[in-house]
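Each number in my numbering corresponds to the 1-based position in the sequence shown with 1039 added.
Built from N, CA and C at the ideal position, the CB exists for glycine as well.
None of the values given here were measured: they were computed from a predicted structure.
Reviewing the structure listed below.
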Amino acid sequence: MRKELCNITSLLRNSRQPLDVVILQRNPKQAMRVADSLLYHEEAPRIAADFAGMQTFCGDATNLPLLTGKTSFTLGCYGCRSAGKLEDDEMYVGIP
């Protein structure tokens, strides 16, 4: 049996459904603070990065946290930077 995955994306303040993943658009310093909080919360020594650099909003920031249950940090891709208006000094953090 084949499983289908469907994403519904909305602004956090407009969401009327339970959230599976929250995606933050932040500068590296703000993302570092999220990483620090994550390390403290999980009592982990390190965070491993896992991103492809393409389809980063769809794959790395949305589906990866949904499928793995782990926070994802990703730098963005050409599509995110042009269509998604991700600025040069910003990145995504996907939090399950």
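Provide the residue(s) that pair with Ser1111 in DSSP beta bridges, ordered along the chain.
Translated into positions along the sequence shown, residue 1111 becomes position 72. The partner list for Ser1111 (beta bridge, DSSP) reads Gly1133.
Alpha carbon to alpha carbon, how far is Gly1092 from Leu1114? Give it in angstroms, no decimals.
As a working mapping, residue 1114 is identified with position 75 in the sequence shown. As a working mapping, residue 1092 is identified with position 53 in the sequence shown. C-alpha separation (whole angstroms): 7 Å.
Among the candidates Asn1053, Thr1048, Leu1058, Arg1065, whose CA atom is the shortest distance from the CA of Pro1135?
Here residue 1135 refers to the residue found at position 96 of the sequence shown. Residue Leu1058 is the option with its Cα nearest to Pro1135.
Assuming Tyr1131 and Leu1063 form a contact by the criterion Cβ under 8 Å, report the distance between their Cβ atoms to the nearest whole angstrom.
Here residue 1131 corresponds to residue number 92 of the sequence shown, with the count starting at 1. Here residue 1063 corresponds to residue number 24 of the sequence shown, with the count starting at 1. Indeed, because the Cβ distance is near 7 Å, the residues count as touching under 8 Å.
Going by the beta-carbon positions, is the gap between Asn1066 and Asp1128 smaller than 8 Å?
Counting from one through the sequence shown, the residue named residue 1066 turns up at place 27. Counting from one through the sequence shown, the residue named residue 1128 turns up at place 89. Result yes, Cβ atoms of Asn1066 and Asp1128 sit closer than 8 Å.
Rounded to the nearest angstrom, what separates Asn1053 and Ala1122 at their Cα positions?
The sequence position of residue 1053 within the sequence shown is 14, counting from 1. The sequence position of residue 1122 within the sequence shown is 83, counting from 1. Just so you know, the alpha carbons of Asn1053 and Ala1122 end up roughly 21 Å apart.
First and last residue of the beta strand (DSSP E) that includes Gly1065?
The count along the sequence shown starts at 1 and reaches residue 1065 at position 26. Residue identity differs from the one stated: residue 1065 is Arg in this sequence, not Gly. First-last of the beta strand (DSSP E) with Arg1065: 1061 to 1065.
Have a look at Ile1086 and Gln1094 and give me their C-alpha separation to the nearest angstrom.
Counted from its first residue, the sequence shown places residue 1086 at position 47. Counted from its first residue, the sequence shown places residue 1094 at position 55. In a straight line, the C-alpha of Ile1086 is about 21 Å away from that of Gln1094.
So Gly1133 and Ala1100 are supposed to be a Cβ contact under 8 Å. How far apart are they, rounded?
Along the sequence shown, one-based indexing puts residue 1133 at 94. Along the sequence shown, one-based indexing puts residue 1100 at 61. Indeed they touch by this definition, with Cβ atoms about 4 Å apart.
Closest to Thr1107 by CA distance: which of Phe1090, Met1071, Tyr1079 is it?
Counting from one through the sequence shown, the residue named residue 1107 turns up at place 68. The residue with the shortest Cα to Cα distance from Thr1107 is Phe1090.
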